[in-house]
Amino acid sequence: MTRSFRDDFVELYDAHFTRVYRYMDRLSGDPDLAADIAQETFIKLYQRGSIPDTPGAWLVTVAMNLFRNAHATHSRRRHLLNVVPDAAMFSDRAVETTPSAETRALQERVRRALDRVPERDRHLLLLRAEGYSYREIAAALQIQETSVGTLLARAKRAFRDNYEARADAS
Amino acid sequence: MHLNDEQIQRYLHGELSARERAEVATHLESCELCTGRVAEGEREEREVFDLLERLDHRPPHRDINTVMPTTREYGRPARNAWIRRAAVVVLIVVLGGAAYAIPGSPVPGWFKKLGGLVGGDQAPVEEANEPVDTVDTTTLVPSVSGIAIPPSKRFAIVMAAPQDSGTVYLTPTDGFNVTIRALGGAPRFTLTSSDRLDVDNTGLNSSYEIEVPVSANFVELVVGERRIILKDSRRFGEDLRIDEKGRRLIPLTQ
Numbered sequence: 157m158t159r160s161f162r163d164d165f166v167e168l169y170d171a172h173f174t175r176v177y178r179y180m181d182r183l184s185g186d187p188d189l190a191a192d193i194a195q196e197t198f199i200k201l202y203q204r205g206s207i208p209d210t211p212g213a214w215l216v217t218v219a220m221n222l223f224r225n226a227h228a229t230h231s232r233r234r235h236l237l238n239v240v241p242d243a244a245m246f247s248d249r250a251v252e253t254t255p256s257a258e259t260r261a262l263q264e265r266v267r268r269a270l271d272r273v274p275e276r277d278r279h280l281l282l283l284r285a286e287g288y289s290y291r292e293i294a295a296a297l298q299i300q301e302t303s304v305g306t307l308l309a310r311a312k313r314a315f316r317d318n319y320e321a322r323a324d325a326s
Numbered sequence: 080m081h082l083n084d085e086q087i088q089r090y091l092h093g094e095l096s097a098r099e100r101a102e103v104a105t106h107l108e109s110c111e112l113c114t115g116r117v118a119e120g121e122r123e124e125r126e127v128f129d130l131l132e133r134l135d136h137r138p139p140h141r142d143i144n145t146v147m148p149t150t151r152e153y154g155r156p157a158r159n160a161w162i163r164r165a166a167v168v169v170l171i172v173v174l175g176g177a178a179y180a181i182p183g184s185p186v187p188g189w190f191k192k193l194g195g196l197v198g199g200d201q202a203p204v205e206e207a208n209e210p211v212d213t214v215d216t217t218t219l220v221p222s223v224s225g226i227a228i229p230p231s232k233r234f235a236i237v238m239a240a241p242q243d244s245g246t247v248y249l250t251p252t253d254g255f256n257v258t259i260r261a262l263g264g265a266p267r268f269t270l271t272s273s274d275r276l277d278v279d280n281t282g283l284n285s286s287y288e289i290e291v292p293v294s295a296n297f298v299e300l301v302v303g304e305r306r307i308i309l310k311d312s313r314r315f316g317e318d319l320r321i322d323e324k325g326r327r328l329i330p331l332t333q
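Line order of the protein sequences matches chains A and B. Adding 156 to a residue's 1-based position in the first sequence gives its number in my numbering. Adding 79 to a residue's 1-based position in the second sequence gives its number in my numbering.
Put into structure tokens, the structure is as follows:
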């Protein structure tokens, strides 16, 4: 039986929406912006009318471009989505609505460590943390697939060094 | 020879081929240094990903209906909307002109009739010049030079026979209709059911422009005994030759 575009789209939405959202949330630190970008990314996929060959990489590339545009223009469309908690989708460590001072300090430290990692390595780290394959990462970041592992090792090291340097400084 | 970073990361992430994985495993059995580096790599990754989780906010409620059914409602107002409207007007004028000019077109007859009504000329217009008014257009589309139809889930354009010459020029469109235009000649289009358009091209050697929406599920062209898939859920005009204008070419010859 021939699967329709709609069937494929629904399947992709279920499999990838949260990944795209979380990637954007970690990258931007702005959950509203991340939700907007994730939604816009899937609108673009729907408008495209066909499924790309490597859907994961396609979605990430579109989300990255939208993020760059949003960053450049500061034009953010907010509150398109109702930010209603969905318990089944929470990460174990998902930030509470009113984090303690200690949690906030830790978040701040992680954020600074991540921001000090070079941009490409930051994307690499966040994409791998979301479980994207080396092929998808290479396609999205336009790097050689054969060097993803080496760059990833370097990115993790840089992030950990930044994080520990902050600890030494404090 | 010890393992490098690339090999260690790929080993950790299951990105090695079966042969490479077996080689690395064999090496690890006899190399304490590399075994330690793999363990350290694993620990480091756990630590880093654990820290990244601290940045997470609660994901929004997912509702596919905010994305799928009426995407235009959620999009920003179209940029340069006036340019698009002007383009549509120009397109209508151009298509109207073409419909008037093509041999066999009923449009000149309509104009004649309209002119007669406005000008008070009550001379009867020959029935043959106004077939659209005299037939049930849901089942029979008379001899016009083009037609636009929203495709059903599976839609077939069936041409009666191969021709001595002539080509179909296939292009994708963002619109919602399958559009077929005969370039010269006046084939007869008959919409025999919601999923089949018959094109009576007997004795003609016309070429055709066919536009198929990228959102169409399945559209095929049948020429005599030949079936050509124009669009299915994933592919558009696969294996067809493409001309310099980006159109897929389908020869209508045997």
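Note that beta-carbon positions come from the ideal geometry of N, C-alpha and C, so glycine has one too.
Beta bridge counterpart(s) of residue i as assigned by DSSP
i        : result
B:Ile228 : B:Val257
B:Ala235 : B:Arg275, B:Glu299
B:Ile143 : Beta-bridge pairing links B:Ile143 to no other residue.
A:Phe173 : According to DSSP, A:Phe173 bridges with nothing at all.
B:Pro292 : B:Thr252
B:Thr332 : B:Gln242
B:Phe315 : B:Lys310
Helix, strand or coil at residue i [DSSP, three-state]
i        : result
A:Ala244 : Because the pLDDT of A:Ala244 is 40, which lies under 50, any placement of that residue in the model is unreliable, and the number read from its coordinates should be weighed accordingly. Helix.
B:Gln86  : helix
B:Arg267 : strand
B:Tyr287 : strand
B:Leu300 : strand
A:His200 : In the sequence as presented, His is not what sits at residue 200 of chain A; that position holds Lys. Helix at A:Lys200.
B:Thr250 : strand
A:Lys312 : helix
B:Thr281 : coil
A:Pro211 : helix
B:Arg327 : strand
B:Arg164 : helix
A:Arg268 : helix
B:Asp215 : Confidence in B:Asp215 is poor, its pLDDT being 39 and thus under 50, which makes the residue's placement unreliable; the coordinate value appears in the next sentence. Correct three-state label for B:Asp215: coil.
B:Pro221 : Confidence is the limiting factor: at B:Pro221 the pLDDT is only 41, short of 50, which leaves the residue's position unreliable and the question unanswerable from this model.
A:Leu262 : helix
B:Leu309 : strand
A:Arg159 : coil
A:Phe165 : helix
B:Arg133 : coil
B:Ile321 : strand
B:Leu262 : strand
B:Val186 : helix
A:Asp277 : helix
A:Ser206 : coil
B:Gly115 : helix
A:Ser303 : helix
A:Asp188 : helix
A:Glu320 : helix
Where residue i falls, given that 16 or more other Cβ within 10 Å makes a residue buried
i        : result
B:Tyr179 : exposed
A:Asp192 : buried
B:Val117 : buried
B:Ala97  : exposed
B:Ala261 : buried
B:His81  : exposed
B:Val146 : buried
B:Glu317 : exposed
A:Arg175 : buried
B:Ala166 : exposed
B:Gly282 : exposed
A:Ala219 : buried
B:Arg151 : Confidence in B:Arg151 is poor, its pLDDT being 45 and thus under 50, which makes the residue's placement unreliable; the coordinate value appears in the next sentence. Flag for B:Arg151 reads exposed.
Within chain A, partners of residue i - CB distance below 9 Å
i        : result
B:Asn296 : Thr158, Ser160, Phe161, Arg162
Where residue i meets chain B, residues with beta-carbon distance less than 8 Å
i        : result
A:Ile193 : Neighbours of A:Ile193 on chain B: none; closest Cβ ~11 Å, over 8 Å.
A:Thr306 : Asn83, Asp84, Glu85, Gln88
A:Tyr177 : Pro138, Pro139
Residue i: contacting residues in chain B (beta-carbon distance under 7 Å)
i        : result
A:Phe223 : Correct list: empty, because the minimum Cβ distance to chain B is about 15 Å.
A:Ala285 : Phe128, Leu131
A:Val166 : Ile143
Residues that residue i contacts on chain A, provided the C-beta gap is smaller than 8 Å
i        : result
B:Glu123 : Lys312, Arg313, Arg316
B:His106 : Chain A residues near B:His106: none, gap ~16 Å exceeds 8 Å.
B:Glu126 : Arg316
Per-residue contacts from residue i into chain B (C-beta, under 9 Å)
i        : result
A:Thr210 : The premise fails here: A:Thr210 is roughly 13 Å from chain B at the closest Cβ pair, so nothing lies under 9 Å.
A:Ile299 : None at all; the shortest Cβ gap to chain B is about 13 Å.
Neighbouring residues, chain A, relative to residue i (Cβ below 7 Å)
i        : result
B:Ile321 : Within 7 Å Cβ-Cβ: nothing; B:Ile321 doesn't reach chain A, min ~17 Å.
B:Arg313 : Ser206, Ile207
Legend entry - contact_flag[the stretch 105-115 of chain B, the stretch 160-177 of chain A] where n(CB pairs < 8 Å) is 3 or more: no
Inset, instruction - Could you say if the stretch 217-229 of chain A and the stretch 299-318 of chain A meet the contact criterion of at least three C-beta pairs nearer than 8 Å? - result: no
Legend entry - Touching by the beta-carbon criterion (3+ pairs, under 8 Å), the stretch 318-333 of chain B and the stretch 264-271 of chain B: no
Inset, instruction - Specify whether the stretch 181-201 of chain A and the stretch 305-322 of chain B touch according to this definition: at least 3 beta carbon pairs, one from each stretch, less than 8 Å apart. - result: no
Inset, instruction - Specify whether the stretch 260-268 of chain A and the stretch 287-296 of chain A touch according to this definition: at least 3 beta carbon pairs, one from each stretch, less than 8 Å apart. - result: Flag = no, the stretch 260-268 of chain A and the stretch 287-296 of chain A do not touch.
Legend entry - Three or more C-beta pairs below 8 Å linking the stretch 315-328 of chain B and the stretch 235-242 of chain B: no
Legend entry - Cβ pair count under 8 Å reaching 3, the stretch 225-233 of chain B against the stretch 289-303 of chain B: yes
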